[in-house]
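Here is the structure we will look at, set down as structure tokens.
Numbering (the working numbering), first residue to last: 748 to 794.
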């Protein structure tokens with residue numbers, strides 16, 4: 748997740764982050780991840 752945050756920070760042209768997988772909200776760090784992406788002013792989709 749920290750590597751993903753770094754990639755998002757280094758690519759300002761990215762406007763949307765689409766989080767998908769079996770049940771991403773079950774990851775114990777899911778809330779932190781979403782909060783960090785929100786700080787970067789990105790649109791977040793959770794499937």
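A virtual CB, placed ideally from N, CA and C, is assigned to each residue, including glycine. Keep in mind the model is a prediction, meaning the values are calculated, not measured.
Positions of the beta strand (DSSP E) runs, each at least 3 residues long and wholly inside the region 749-794, are given as 763-766, 790-793 in order along the chain. Exposed is the label assigned to residue 754, since fewer than 16 other Cβ atoms lie within 10 Å of its Cβ.
Measuring C-alpha to C-alpha distances from residue 749 to each of 791, 793, 771, 776 identifies 776 as the nearest.
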